[in-house]
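The structure appears below as C-alpha cells.
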Amino acid sequence: METQLDPMKDDLPLMANTSYMLVKHYVLDLDVDFKSKVIEGSIVLFFETGSQYRQISSAGKECCQSQFDETCKMRTSEPCHIPMINVSTCSSKTECNDFAVSGKEEEATSDENSNHSNNEQASGISSSKDCCDIEDHGNKDFLLILDCCDLSVLKVEEVDVAAVSGIEKFTRSAKLTGVSKELENLRNQIVHELVTLPADCWKEQLYYFTHCSQAPGCGELLFSTGTWSLEIRKSGIQTPAHFPHAVRIWYKTKPEGRSVTWTADQSGRPCVYTMGSPINNRALFPCQEPPIALSTWQASVRTAAGFVVLMSGENSAEPVQLREGILSWHYYVSMPMPASTFTIAVGCWQEVKQQSFKQKAAIGTNTEFSLSSSQADLRWHEEICGHAEYPCRFQNPAARLQAVIPYRVFAPWCLMESCEECLLQLIPQCLSAAYATLGTHPFSRLDVLIVPSNFSSLGMASPHIIFLSQSVLPGGSHLCGTRLCHEIAHAWFGLAIGARDWTEEWISEGFATFLEDIFWARAQQQLSHDEIKGQQELKALLRWRRLRDEVQNSEEELQVLRPKKENTGELSESGASVVKYGLKAEKIFMQVHYLKGYFLLRSLAKTIGEVSYLASLRKFVIKFHGQLVLSQDFLSMLLEDIPKQKRSGLTVESIFQNWLDTSGIPQPLLEEGETWKECQLVQQVSGEVTKWIQTNQRIRKSSKKKMKQDEVVFQQLLPDQLVLLLELLLEEKTLCPRILQCLERTYQLREQDAEVSH
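Numbering (full-length UniProt numbering) for the sequence shown: 1 to 758.
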C-alpha cells in the first residue's frame, strides 16, 4: 500500500521498488499537442528481475478484475519512425547478423485490443470501479511500483515480444519448465537476453527494442494510481521473476504537470520543455526515479511541422514527415543513466550557424594545451572500465583524442544574433579547456539551447544537451563563458558520474563550481598565471560573501551537505527511499551545495597542489565514470594520493565532521576568509569604493554645487570586480541619487552582464 506523503513534510518520495524489478530500457512514442497542452502516447519498459527477487510476494493496493469497455476505442497513434541504422556483425552469446532498420514508415503491429479508452478516470483508479481489500481475499500478487505523478494513465498491458519477427535467436538458450508457464517464461527470457546483449551489439539491441515495443499487447494488467506512484499487478503472479518483463503504458500528461512547462519563447511562439523540476520526470512518463535505476532510452516524438524537437540523445535527429503537417523526431542513448536526466524541449527553435573559418580558428587556438593532457589521459585507459557494459567513449581511441565534440546552438529567432556574436565562439574554447582538464568527453555531441525567459536558473545540463538562460548573453563573454564551463563540467560530475544518494548534491554542484574556474582560466589563453590566480581569488571572495549571507538567512538543516549522515545511500528492502528536503521550497533557491562543495574542493586542491589534484580528478573520472558514487568514494581515493606529510590530519571522518555533516561555515574556511582581501583585484575595488564614498560625502555636503567631471578618475573594472564594488556600496547607509547616476554612467551598468545588473 502506498504511503501518502505527509503534507507537513518536505521530503520527496522515490516509490519505485527497484530491488525487485529494475528497468533497463524505455521506448517512448509520443505526440505533442500545443492546443491542449498535453503530451500523449505510450511508453514500453523493459525490465530485469531485481536483486531481491527470490520468492518475494509483495502486498499492495489492489484492484478487482478489469472491467474495461472493449467498445471504447482510441485513435491509433502514428507508427514509430526509426532512422536508418547500419548494424554490423558482432560476436556475442547470440548470433548477431547484418541488417538495417528501415527508414520507411512501418505499419502498426498492434491488434485491435491495443486501442484504448480515452476517458480519464477521475478517481485515479483504473481497470476497476471498486478497489478490492487485500485482507479479505488474502491475495499475495506481486506489485510493481513506478514513480508517477500528474499523469492520466489510460491502460497498461503486457507486450508479446515473442511475436516479433526474427526474435527466435533469443530463445535458443531458454530453459522452460511447466507447460502452462511456457509462453510467459519465454517472453521474459527474450527480454533478459535482449537487455544483456554485449556492448558491441548495441545497434542490434536498439533494433529489437524498437520492434518489441511495437509488438501487440497480450493481456491487460491491473493498475492503480496514487499521489506519487503507479502500481501494476498481474492476477496470479506472485514473484518478480514471473511478472511480465515488457510492459506498455498508455498515458497522457496534464497541462498542470510539474515536470514540463508550457510557455512561449522570446519571439512569442509556443514551446514546452523540461525545466528541472524538483519532482524530475515522473509527470512526463512513468519511470523508476531512484538513481540506481540506470537505463537507456529511445523516443519518437511527433509534432506539427515548424517545431523542432531537441532531446537528450546521442544522435542529431533529423525530422521525417509522416503526413501533411506532422513531423517525427527519433532520439536514442546507449549509455545507461537515471531517468531524471532525460530532457526534452519542443519549440520553434532556430539553429544558429557559424562561418566555418571562425569555427576552425576557435578550435585551433585550443589545440596546444590539450595534447599533453590527452596523453596523460591515455595512460589511465589501460584499466578496464568499472561500469556495467555499454559502448563507452573512454574505451574508444578516436573519442579519447577528440578535444571538441560536435555541437549545435538553438535559440528563438530574436536571439540568434546575440548567440552568434558570443556563444558560438565560446563553445569550442570551453569544450577544449574541459578536455584539457579531465580528458575524454563522456558524451559524443552537444546541443545548446537558449530556453524561454521563465527558466528559473542560469543553466541546466543533461546528456547531450545544455539549457542556458537568455541572461547569459548580454554584457560580454564573462558570464556566458563561466556558465557554459559550469554546465560542461556536469558532463563528468552529475551525469557520467552521479550521486548514489540525491541528498549529496554537492558531488555534482560543488565539482561543477570548482571546475568552472579551471575551465574558464584555460579557455582564456591570453591571461598570465598571476591574472588567473587574481580572478580566482576574487571569485572565491564573492562566493564566500554569498555563503556567509546564505548561512545567516536560512534554516540550519538545509545547510548540511550530507543530511542523512551515516545513513546516506541506504535504501529500504524494496529499493524505495526519500530525498530529504527534496520538496522544500526554499531549497530550490539555495546555493549552499554549490558553495560549500566548491570551498571543500578548493581547500583539498590547496593541500595537495593543483597539478596533483587535477591528476587525481582525472584518475577518479577514469575509475568511476558510468557509476554512482558517495562522498567517501571520492574522498578515500583522493586521500590515498596525498603523501602523509601533506595530509595535515585529513581523514574522511574529519572532512565529514568539518565540511559535510554540519551546518554553518566550516571552521577551516573561517580561518581563510581574510586572506582573499589581499588579492590585487580586491584591493583595487577597495580603493574605488573609498573614492565613491568620499565623493558621496562631498556631494551631500555641497548639494547645491555641481561636481566637476574631472575631479575624480575612476578605474575600469572587471565584471566580478563590479559585483564586489556594488555589494560594498550597498552596505553604506545612504547613497545620494547623483552617485547612483554617476555609477550608471561610469560603468555603463545597463550594458553589463546579468550578475552585475542584479
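Glycine included, each C-beta is placed from N, C-alpha and C at the ideal position.
- The beta-bridge partner set that DSSP reports for Glu420 is empty.
- Exposure of Thr690 is indicated by the presence of fewer than 16 other C-beta atoms within 10 angstroms of its C-beta.
- Residues Gly459, Ala461 and Ile466 of the same chain have their beta carbon placed closer than 6 angstroms to that of Glu487, with the five preceding and five following residues left out of the count.
- Contact between Ile405 and Leu484 does not hold, since the beta-carbon distance rounds to 14 angstroms and is not under 8 angstroms.
- Scanning His441, Cys422, Glu421 and Gln525 for the CA closest to the CA of Ala399 turns up His441.
- With a cutoff of 9 angstroms on beta-carbon distance, Trp692 and Leu638 are scored as not near each other.
- By the C-beta density criterion, Phe455 is buried, having at least 16 other C-beta atoms within 10 angstroms.
- Linking Trp492 to Phe624 through their CA atoms gives a straight-line distance of about 10 angstroms.
- Between Leu424 and Trp262, the alpha-carbon positions lie close to 27 angstroms from each other.
- Measuring C-alpha to C-alpha distances from Gly498 to each of Val629, Leu604, Val409 and Arg548 identifies Val629 as the nearest.
- Within the same chain, Cβ atoms closer than 6 angstroms to the Cβ of Trp250 are found at Ser42, His116, Leu154 and Lys155, the five residues on either side in sequence being excluded.
- Closest option to Ile655, judged by alpha-carbon separation, among Gly673, Asn696 and Gly597: Gly597.
- Counting other Cβ atoms within 10 Å of its Cβ, Arg323 stays below 16 and is therefore classed as exposed.
- Shown here, Asp447 sits in a strand according to DSSP, grouped into three states.
- Only residues of its own chain outside the window of five on either side were considered, and among them Leu595 and Tyr598 have a CB closer than 7 angstroms to the CB of Arg543, listed in chain order.
- A direct Cα-to-Cα measurement between Gln205 and Pro668 gives close to 52 angstroms.
- Per DSSP, the beta bridge partners of Glu158 are Val247.
- Taking one beta carbon from each stretch, the region 529-538 and the region 582-589 have fewer than 3 pairs nearer than 8 angstroms; the two do not touch.
- Only buried fits Ile507, as 16 or more other CB atoms lie within 10 angstroms of its CB.
- Taking Thr274 as reference, the option from Leu45, Pro286, Lys254 and Val346 with the minimal CA-CA separation is Val346.
- Residue nearest to Phe307 within the set Ser316, Cys348 and Asn696 is Cys348 (criterion: CA-CA distance).
- Spatial neighbours of Pro391 in its own chain (CB-CB distance under 6 angstroms, excluding positions within 5 residues in sequence) are listed in chain order as Ala199, Trp202 and Ser334.
- With distances taken between CA atoms, Ser702 lies nearest to Cys736 out of Gln559, Cys736 and Leu670.
- Rounded to the nearest whole angstrom, the C-alpha separation of Cys679 and Ser340 is 41 angstroms.
- Per DSSP, reduced to three states, the secondary structure at His441 is coil, with no helix or strand assignment.
- Under DSSP, Thr49 takes part in a beta bridge, and its partners are Met21.
- Counted as a single uninterrupted DSSP element, the stretch harbouring Trp502 is not any beta strand (DSSP E), since DSSP gives it neither H nor E.
- Two segments are said to touch when three or more pairs of C-beta atoms, one from each, lie closer than 8 angstroms; by this definition the region 512-525 does not touch the region 558-573.
- DSSP places Tyr273 within a strand segment (E or B) once states are collapsed to three.
- The closest CA to that of Val38, considering only Lys24, Leu151 and Leu28, is found on Leu151.
- Put simply, the backbone Cα of His192 is about 16 angstroms away from that of Gly166.
- Between Gln627 and His242, the gap from beta carbon to beta carbon reaches 9 angstroms or more.
- Using a 10 angstroms sphere on the CB of Glu731, the tally of other CB atoms stays under 16, which defines it as exposed.
- Shown here, Leu284 sits in coil according to DSSP, grouped into three states, outside any helix or strand.
- Shown here, Thr607 sits in a helix according to DSSP, grouped into three states.
- By DSSP's assignment, Leu221 forms no beta bridge with any residue.
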